[in-house]
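For reference, the structure discussed in these notes is given below.
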Amino acid sequence: MIKIEKIVLKASAGTGKTYRLSLEYLSSLLNGELYDEILVVTFTKKATEEIKVRIFEHIKEILDNTDTGKELIENIKNINNNIIIDLDKLELIYKEMLINKDKIKIYTIDGFTNIIFKKIVSPYLNMYNYEIISSKKNSKTYELIFEKIVSNDEFLEKFKIYFSDSLEDKMSKYINTIEEFIKDRWKFVLLQRIKSGEKKLVTRYTKKEIINVFDNFIEGSINLINEKEGIEPENIDYSRYFNKDFNTIYKLDTDEKKISFMNSNFNLSQNIINMNRLKKDQKEIQKGMQEEFIEAYLNYNYNEKIIDGENNIIELANIIFSLYDDIKIRDKKFTHSDISNYVFLYLYKPELEIIVNEKVEQNFYELIDSNIKTMFIDEFQDTSIVQWKILSPIINSAKRVICVGDEKQSIYGWRGGEKNLFKNLPQILNCKEENLDTTYRQPNILIDFVNTIFTNYNENWQGTDVKTLKEGGYLNINLYDDKIDEDNIFTDMVDFIKNNIKNYQNTAIIARKNSTLTDIAYKLEKAGIDYVLNSNVDLVNHRIILGIYHLLKFIKYREFIDLIQYLRSDAIFIQTKELQFILENREKLEQYLNSNSDQIEFDFNKHNNLKVIFDFVKSFIYKYENPYYFVNEDRTEIIENISKELFWNMGFSKKYDSINDIKNIYNFIFEFTLYDSIDDFVDFLIESESEESFVQETVTNPNAVNLMTIHKSKGLEFENLLYYFEKPKQNNMNLPFFQFFLNMDDNYDSIKKYMFLNRRDLDILENVDKDFTYKEKLDRENEEINNSYVALTRAKSNLLVYGKNDEKNSNSISNKLNTFAMSNGFNEEGCFINGEEFRIIRSIKGNFYEKGIEINEGIIDSNNINFNDKYLSSSVYKIELLEKIRENKIIDNKFNHSLNIENARKDGLLVHYYLEFIKYNSDTEKEIARNSVLNKYGNMFGYDAINKTIAKIERAIKKNREIFDKKWMVYNEYDIYSEKYDINIRIDRICIDKIDKKVIIVDYKTGYTKEQSQLDKYENIVREILGNDYKITTQFLEV
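In the numbering used here, the protein residues as written are 13 to 1051.
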C-alpha cells in the first residue's frame, strides 16, 4: 500500500537532486509501487534521459552487489528507514522494465502535456493527426493572421488605433504584436477560467470636469506669476515661467487642444512652472496646485486610456485568438505552447468530466491509458502557471508526490517560469519542506564565496548557506572600469586560458548573450585555442554560407535582390561604388547572366573584379542549373568540384580558415550533394531555416573550450569556469507593445489583480497603481540575480569572474562582487589603453590547480574516407577532407583578401559615413551621425559591430582634437576637380583657418597601409587652387 505523502525538496546547486530523485524512484519500486504508475516529469530531454539512465544503473549496481550498490542501499534506507530490500523482487522488476521500457513514464513537461492533448483534447476536436512545429516556423501563422486582419476593415480599425505608422512602413510591428498576444494567451485563458479581483477605482472625471481642473490650474499659476511680476499682464512674458515642455500650455484656447494635451504622456516628474522664479511662499502654493492637477490628470487618463482602453485590447485579443484557432484547427500544426494552452482550455470543460473539485476523475486515467499514483517533478521552479494548472489536479489525486527545485535557479521567466510558485509550494500543497544543503560540486573557497554573495542578497532575494565537504578551490574576480572596452576584457580572459590552462576539455566560458560568446570565440580563434560554441544558430546564417545561400536562391528564383545580398555578404562584399554600378546596369547584367553563350557582351568599365564575379556566377548557373548534373556525376567528384568553385576558388580559404568555418562549410556542401538539383536543395534550406533543423556546428575536438549561455549551462559543471557578466539593459521601449499584467494570490487559486494596457501608458499606471510595475521590475531584477547564481555555481575547482564595475547599483552583481573584494583582499591596478588611464580591481583567493586529464585525439587516415556514406559517423573525416582541399591552394586569385582587410573595408564604410556628419563633434552632430549610420547600415553589419566602430571613431577624435576645433571652416567629403591632373578627387576632410591662413587635409585610415603619395597629390591639388597664401599640411586620422 502506498503511503500518502507529499514533499517539497529545495535543492541548491550541486546538492544531488537528480541522485535523490532516482533514490526515491527505487524506494517506490521496493515499496511495491508499480513502475507504470509512477510519473516523472522533467523540463528537458537531457534531464529525462539522465534520470532514466541513473535508475537502470542504480538497480544494476544493487543487483551486482558492488560497493556503489551497497552505498545506494544505505542511502535508500536513510530516506526510508522502514524499507525492506528484496533483491529477488527488484530483479524481477528490473527485467520487466527492460522488456517494457515504453511503459516507463519519464517525460518532459511538454511530452506529458502532448499525451493529454493527443488522448483527450484532439479527439474532442475531431482531430486525430497533427504536427508539432517549432516557434520559429509558427511565424507563418502570424503573417496569415495579419493578412486576414488587413482584409477586414472592422478588424483593421481596431488594430490601427494603437499604431500611427502606415501598414507598409511597420508591417513587422503588427506581426510582432500578434505574436505577443499569442505568447501571452494563457493569461486571457486564465482570466476566463478562474476568479478575478477588482480593479483599483479612482475618481472618474468627465471631459468637462477635467477641462475645469486644467483651467483652474492654469489660472492659479498665471495669478501667481502676475503677483510676482507686479505689472500689467500684457507686459509679462509668461513663457519665462513655464518649463520647456509646457511653455505653450497657458496659450491653449480650445477644449480640443486642452484634451489633446491631457492625452499626451508628458514627464510627470517635471515641474510645469520653474519654481526658482517664484517667491518662497508662492512655491508651496504652486506645488500644491500642481499636485492636485497631476492627480486629476492621472485619474482621467487612467480611466480613459487604461480602464476603458482595456476592453478594446480584449476585443482585439479575441479577434486574434479566433483567427489563430481557425488556422490551427485547419492546418493541424501546433507549437508546444499551443498544446499547453489548448489542454488548459479544454481540460476544465464540465462536459468532458475530467476535473471535479480540483482533482482528476477516473475518466482521465482511462483516456490516457494509465494510472498515476506517484509523481516526481524535477526543476519545479521552471513551471509556468498554465503548466501548474494542468499538473495540479493530477498532483491532488496522487498518493505520493515529490517536487524538487531551487527558486534561486529560476531563469526562465521569459517563457513563463513562475519562481514564486515553487517558493509557495509547501503552503499550497500543505506539506513538509526538506532542504538539501550540502553541495558535492564546489570546494570551500568557492562555496564560501557563493554563500557570501547570495545569502540574504537583499530583502526580496533570500538565499541560504550551503555546506561542502571539499577543501580548496581558486577564485579570481576581475572588475574593470566602466569605460574599458569589453574587447580588452575578452583579451584578458583568453590570455589567462592560454597562459594557465593546458587541457581545455573541462573549461567553459559562460556569458548571457550569444553575441558576446561570438566575440570571445574570435579572440580564442586568434589565439589558436580550440572552442565549442554551443549555439542553435541556423547554418544558412553562418557568416560565409549566408552569401552562398542567396546565390543559390538567385539561381532558383532569379530575384535580383538575392544576387545583391550575395554580392554584399561576407562571401564577396563588393564596395558601394560597385553596387551603384550594378544597380545602374541591372537590366543589361541580367541579360548577360541569362545568356547561354558568349555572344552577349557587357562592358564592366574598369570594374574588372566585378567581371570575374559575374563570369563565375554565370558559369555556376550554367553548370548546376542542369538537373541531370547531380544524377550523372560521381558524388565524391561533386563535393570536390563544388568546394573548389563555390568556396575556395573565390579566396575564402584564407579569409575563413578556422576549423569551425571548415566544418560548417563541409556540412553545407555535403547536404548539397544529397539533392538532385539546386531547386530541391533551396527548398530544403528554406524549410530548415524556419524549423531550426539545420544548425551550425563547432569543432568536436575533445580538448576545446566550451562557450555557452547561462541557460545552456544549467545542469552542467566544469573544472575551470570563466564567467563574463554584463549590465542588464531594460527600458520601456524594449518591452512588448502591449503589457499583460496578471498577479495571482499566494496559492495561485485566483487572480488578485490584472491589467492589459498599451506600453505607452505604463507611466500612468505606475503613478496610479504601482503594484503591477513594481512586481514586474522585481521579477526582472530577481531573474538577473538568478542568472548570476546559476553561472557562479557551475565551477567545480577554478572560478574566474570578469565584468565592469557598477558600484552605484546596490542590487547589481557587480556591486556585490566589489563589496566581497573589498572585504577579502584585493589589488587595484591602473592600466593605460589608447592613452587613457583605467582602473581594474582584482581579488584572488586560493591557488589555481588544473587537474591532469589525458587527451587522446586519435589518428585518422584521410585516405580511407568513404564520401558516398550519407551517415558519416565522425565529423573529423569532414574536417580532414576540407583541410586537404584548403592546403592544396587550388586557385589563389585576387579575391584572396585576408579577413583583416575585409573588416577594415567594412570599418571604412562606417567611418566615412559617420564622419560626414561631424564637423566639431558636438552632441547633436554625434546623435545625428550615429542614428544615420544605424539606419543605413544596421541590418548589414549589425548594431554591436557599428557601436564598436563608433567607439573607435570617438577614441580617434579624442587623440586628434585639434582638427575638430571650432576655429576651422570644415568641408567633409569635399569634391575637387584638378585641371593639372584632369581628375576629380574627393577629400575626406578639409579644415580651413582663414585668419591664420592654415589648411589641414585629413585622410581617414582604417586599414594597415598609409598612402602618403595620395596625400601629397591632394596637397598639390589644393595648392593649385589656393596658391601659396596658405600653409597646407596633411595628416591621417587613424581609426
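Heads up, the beta-carbon is just placed ideally off N, CA and C, and yes, glycines get one too.
Notebook entry, point to check: Helix or strand or just coil, what does DSSP make of E866?
Noted result: One-based indexing of the sequence shown puts residue 866 at position 854. A caution first: E866 carries a pLDDT of 35, below 50, which makes its placement in the model unreliable, though a value can still be read off. In this structure, E866 counts as coil in the three-state DSSP scheme.
Next item on the list: Name the two residues that bound the continuous beta strand (DSSP E) containing L754.
Entry: Within the sequence shown, the letter at position 742 stands for residue 754. First-last of the beta strand (DSSP E) with L754: 750–756.
Check: In the DSSP assignment, what are the bridge partners of D1015?
Finding: Taking the first residue of the sequence shown as 1, we reach residue 1015 at position 1003. F1048.
Checklist line | Presumed contact (8 Å Cβ cut-off) between K1059 and K1009, rounded CB distance | finding: Outside the displayed range of the chain (13 to 1051) lies residue 1059, so it cannot be described from this structure.
Notebook entry, point to check: In this structure, does DSSP put F856 in helix, strand or coil?
Noted result: Taking the first residue of the sequence shown as 1, we reach residue 856 at position 844. Inspection of the sequence shows that residue 856 is occupied by Ile rather than by Phe. I856 falls in the strand class under three-state DSSP.
Item checked: Helix, strand or coil at N518 [DSSP, three-state] -> In the sequence shown, the residue the question calls residue 518 occupies position 506. It is coil, neither helix nor strand.
Next item on the list: Report the three-state DSSP secondary structure of E895 (helix, strand or coil).
Entry: For this step, residue 895 is matched to residue 883 along the sequence shown. Confidence at E895 is low in this model, with a pLDDT of 41, below 50, so its placement is unreliable and the value that follows should be read with caution. Judged by DSSP in its simplified three-state form, E895 adopts helix.
Notebook entry, point to check: Do you know offhand how far N526's Cα is from M720's?
Noted result: Counting from one through the sequence shown, the residue named residue 526 turns up at place 514. Counting from one through the sequence shown, the residue named residue 720 turns up at place 708. N526 and M720: Cα-Cα distance of roughly 8 Å.
Check: Going along the chain, which residues of its own chain have a beta-carbon closer than 6 Å to the beta-carbon of K630, five neighbours each way excluded?
Finding: On the sequence shown, position 618 is the one that residue 630 refers to. Hits under 6 Å: L605.
Note to self: To the nearest angstrom, how far is the alpha carbon of N875 from that of A833?
What the structure shows: In the sequence shown, the residue the question calls residue 875 occupies position 863. In the sequence shown, the residue the question calls residue 833 occupies position 821. Any answer about N875 is weak, because its pLDDT of 32 lies below 50 and its placement is not dependable; what the coordinates show is given next. Cα-Cα distance, rounded: 56 Å.
Check: How about N830 and L551: do their beta carbons lie closer than 8 Å?
Finding: Residue mapping note: residue 830 aligns to position 818 of the sequence shown, counting from 1. Residue mapping note: residue 551 aligns to position 539 of the sequence shown, counting from 1. It is not a contact, given that the beta carbons lie outside the stated cut-off.
Item checked: Buried versus exposed call for I190 [16 or more other C-beta atoms within 10 Å across all chains shown] -> Counting from 1 along the sequence shown, the entry for residue 190 is found at position 178. I190 should be labelled buried.
Next item on the list: Within the same chain, show all residues whose beta-carbon is closer than 6 Å to that of N794, passing over the 5 residues directly before and after it, in chain order.
Entry: As a position in the sequence shown, residue 794 is number 782, starting the count at 1. Hits under 6 Å: W473.
Check: Is it true that the region 247–256 meets the region 276–285, where meeting means three or more beta-carbon pairs spaced less than 8 Å apart?
Finding: Enough Cβ pairs lie closer than 8 Å, so yes.
Next item on the list: Go to F392, then tell me how far its alpha helix (DSSP H) extends in each direction, as first and last residue.
Entry: Start at 1 with the first residue of the sequence shown, and residue 392 comes out as number 380. No alpha helix (DSSP H) holds F392; DSSP gives it neither H nor E.
Check: When burial is assigned at 16 or more other CB atoms within 10 Å of the CB, is N518 buried or exposed?
Finding: In the sequence shown, counting from the first residue as 1, residue 518 sits at position 506. The residue in question, N518, is buried, as its Cβ has 16 or more Cβ neighbours within 10 Å.
Notebook entry, point to check: Quick one: is I331 near chain D, going by C-beta distance under 8 Å?
Noted result: Judged by its chain identifiers, the structure shown contains no chain D, having just a single protein chain.
Margin query: Tell me the DSSP secondary structure of I1002 in three-state form.
Written below: Within the sequence shown, residue 1002 is the residue found at index 990, counting from 1. Three-state DSSP puts I1002 in a strand.
Margin query: Quick check on the burial criterion: 16 or more other C-beta atoms within 10 angstroms. Buried or exposed for V1051?
Written below: Stepping through the sequence shown from its first residue, residue 1051 is reached at position 1039. Of the residues assessed, V1051 falls on the buried side of the cut-off, its CB having 16 or more other CB atoms within 10 angstroms.
Notebook entry, point to check: Within the chosen definition, does the region 389–403 reach the region 427–435 through at least 3 CB pairs nearer than 8 Å?
Noted result: Enough Cβ pairs lie closer than 8 Å, so yes.
Item checked: C-alpha gap between K29 and R205, whole angstroms -> If you number the sequence shown from 1, residue 29 lands on position 17. If you number the sequence shown from 1, residue 205 lands on position 193. Approximately 34 Å between the Cα atoms of the pair.
Next item on the list: Taking 8 Å as the cut-off, decide whether the C-beta atoms of K219 and I271 are in contact.
Entry: If you number the sequence shown from 1, residue 219 lands on position 207. If you number the sequence shown from 1, residue 271 lands on position 259. Yes, Cβ-Cβ distance for K219 and I271 is below 8 Å.
Next item on the list: State buried or exposed for G242, treating a residue as buried only when at least 16 other CB atoms are found within 10 Å of its CB.
Entry: Position 230 of the sequence shown, counting from 1, holds the residue named residue 242. Taking all protein chains shown into account, G242 has fewer than 16 neighbouring C-beta atoms within 10 Å of its C-beta and is therefore exposed.
Check: Under 8 Å, do V1011 and V982 count as touching if we go by C-beta distance?
Finding: One-based indexing of the sequence shown puts residue 1011 at position 999. One-based indexing of the sequence shown puts residue 982 at position 970. Note that the C-beta distance between V1011 and V982 is not below 8 Å.
Notebook entry, point to check: Considering only the beta carbon of each residue, do S944 and T451 sit closer than 8 Å?
Noted result: Residue mapping note: residue 944 aligns to position 932 of the sequence shown, counting from 1. Residue mapping note: residue 451 aligns to position 439 of the sequence shown, counting from 1. No Cβ-Cβ contact shorter than 8 Å links S944 with T451.
Margin query: Considering just the uninterrupted stretch of the alpha helix (DSSP H) at F593, what are its terminal residues?
Written below: Sequence index remark: in the sequence shown, residue 593 carries index 581 (1-based). Membership of F593 in the alpha helix (DSSP H) is indicated by the continuous run 588–596.
Check: How about I567 and I489: do their beta carbons lie closer than 8 Å?
Finding: By one-based count along the sequence shown, residue 567 stands at place 555. By one-based count along the sequence shown, residue 489 stands at place 477. I489 sits away from I567, with the two beta carbons spaced by 8 Å or more.
Note to self: Are there any heavy atoms of the ligand MN lying less than 7 Å away from the beta-carbon of Y424, as far as the coordinates show?
What the structure shows: No copy of the ligand MN occurs in the structure displayed, which carries no ligand at all.
Note to self: Tell me the DSSP secondary structure of D615 in three-state form.
What the structure shows: The count along the sequence shown starts at 1 and reaches residue 615 at position 603. It is coil, neither helix nor strand.
Check: Are three or more beta carbon pairs between the region 197–217 and the region 364–379 nearer than 8 Å?
Finding: Segments in contact, no.
Next item on the list: Can you grab the Cα-Cα spacing for the pair W426 / L290, in whole Å?
Entry: Walking along the sequence shown from the start, residue 426 turns up at place 414. Walking along the sequence shown from the start, residue 290 turns up at place 278. Rounded to whole angstroms, W426 to L290 spans 49 Å at the Cα level.
Next item on the list: Starting from E446, trace the beta strand (DSSP E) both ways and give me its first and last residue.
Entry: Locating residue 446 in the sequence shown gives position 434, counting from the first residue. Counting along the chain, the unbroken beta strand (DSSP E) around E446 starts and ends at 444–448.
Note to self: According to DSSP, simplified to helix, strand and coil, what is D582?
What the structure shows: Translated into positions along the sequence shown, residue 582 becomes position 570. Here D582 sits in coil by DSSP.
Next item on the list: Might you give, ordered along the chain, the residues of its own chain that have their beta carbon closer than 6 Å to the beta carbon of T467, omitting 5 neighbours on each side?
Entry: Walking along the sequence shown from the start, residue 467 turns up at place 455. So the list reads G475, D477, once near-sequence residues are dropped.
Check: Out of curiosity, what's the CA-to-CA distance linking N408 and F752?
Finding: Position 396 of the sequence shown, counting from 1, holds the residue named residue 408. Position 740 of the sequence shown, counting from 1, holds the residue named residue 752. Rounded to the nearest angstrom, the two C-alpha atoms are 29 Å apart.
Checklist line | Best match in E83, F356, I560 for proximity to L35 [C-alpha to C-alpha] | finding: Within the sequence shown, numbered from 1, the residue matching residue 35 stands at position 23. Closest option to L35, Cα to Cα, is E83.
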